[in-house]
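First residue of the sequence shown: 349, per this note's numbering; consecutive thereafter.
What follows is a short report on a single structure.
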Amino acid sequence: MINSIAVNRWLALAKDDEIVIDSSDINHEARENMWRFSPFEDEVSTISAEDVVEFIRQVIEARRMKLRGKEMLFYCWHDFQCRQLRFSLVSRSHGRLPFACQVSETSDLSAIANRVVSEDWSNDSYVQEPSEQQHGEQSFVLLVFVENVL
Numbered sequence: 349m350i351n352s353i354a355v356n357r358w359l360a361l362a363k364d365d366e367i368v369i370d371s372s373d374i375n376h377e378a379r380e381n382m383w384r385f386s387p388f389e390d391e392v393s394t395i396s397a398e399d400v401v402e403f404i405r406q407v408i409e410a411r412r413m414k415l416r417g418k419e420m421l422f423y424c425w426h427d428f429q430c431r432q433l434r435f436s437l438v439s440r441s442h443g444r445l446p447f448a449c450q451v452s453e454t455s456d457l458s459a460i461a462n463r464v465v466s467e468d469w470s471n472d473s474y475v476q477e478p479s480e481q482q483h484g485e486q487s488f489v490l491l492v493f494v495e496n497v498l
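As structure tokens, then:
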């Protein structure tokens with residue numbers, strides 16, 4: 349059960365969205381199926397990582413019902429530069445996700461939810477400028493939740 353009014357609003361917007369399938373163009377699929385979420389300042393305190401996990405689980409289930417046998421990858425990540433939770437779908441036949449950076453895939457949705465809620469939205473000292481490590485001393489690796497959706 350989602351306790352946050354804001355997250356319930358997001359679910360109402362996203363769960364029945366049309367799905368674009370374009371096995372010849374991964375970037376077209378990714379763009380057309382992408383959703384972005386970030387709370388208004390007065391909503392931050394009402395959102396928990398558990399709400400975000402349940403929200404994503406319900407979106408995945410809604411996508412699964414729509415796809416019925418069409419194999420796609422649902423993926424979700426924290427866009428730290430935009431301070432957003434993002435997710436999208438691409439055809440599994442592409443064999444990859446549409447990121448230019450190095451990706452670390454996880455099946456732990458709570459890792460993404462905790463990162464976006466606790467480390468970003470609920471963190472008053474969240475720094476938007478890249479750290480020294482992100483300037484090239486250490487390569488950037490994006491943590492991405494991935495689930496096969498049939």
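Built from N, CA and C at the ideal position, the CB exists for glycine as well.
Please read these numbers as outputs of a predicted model, since none were measured by experiment.
To the nearest whole angstrom, what separates the beta carbons of residue i and residue j, a pair I think is in contact under 8 Å?
i	j	result
residue 397	residue 466	6 Å
residue 488	residue 449	6 Å
residue 399	residue 351	6 Å
residue 374	residue 414	19 Å between Cβ atoms; not a contact.
residue 432	residue 379	Wrong, their Cβ atoms sit about 15 Å apart, outside the cutoff.
residue 491	residue 425	7 Å
residue 401	residue 461	5 Å
residue 292	residue 463	This structure cannot speak to residue 292, because the chain is shown only from 349 to 498.
residue 420	residue 440	6 Å
residue 495	residue 422	5 Å
residue 445	residue 451	6 Å
In its own chain, which residues sit with a C-beta less than 8 Å from the C-beta of residue i, not counting the 5 before and 5 after it?
i	result
residue 412	497 and 498
residue 392	469 and 470
Who pairs with residue i in a beta bridge, going by DSSP?
i	result
residue 436	423
residue 497	420
residue 453	492
residue 383	435
Helix, strand or coil for residue i per DSSP?
i	result
residue 388	coil
residue 415	helix
residue 428	coil
residue 405	helix
residue 350	coil
residue 444	coil
residue 395	coil
residue 367	coil
residue 487	coil
residue 471	coil
residue 372	coil
Within its chain, find whatever has a CB closer than 6 Å to the CB of residue i; leave out the 5 residues flanking it on each side and keep chain order.
i	result
residue 482	Legend: pLDDT at residue 482 = 49, less than 50; position of this residue unreliable, value from coordinates given subsequently. Excluding positions up to five away in sequence, the list reads 488.
residue 389	none
In chain order, what residues of the same chain have a beta carbon less than 7 Å from the beta carbon of residue i, not counting five sequence neighbours either side?
i	result
residue 395	352, 354, 355, 387, 465 and 469
residue 358	385 and 403
residue 410	363 and 364
residue 417	498
Could you confirm whether any beta carbon from chain D is found closer than 8 Å to the beta carbon of residue i?
i	result
residue 406	Here there is only one protein chain, and chain D is not present.
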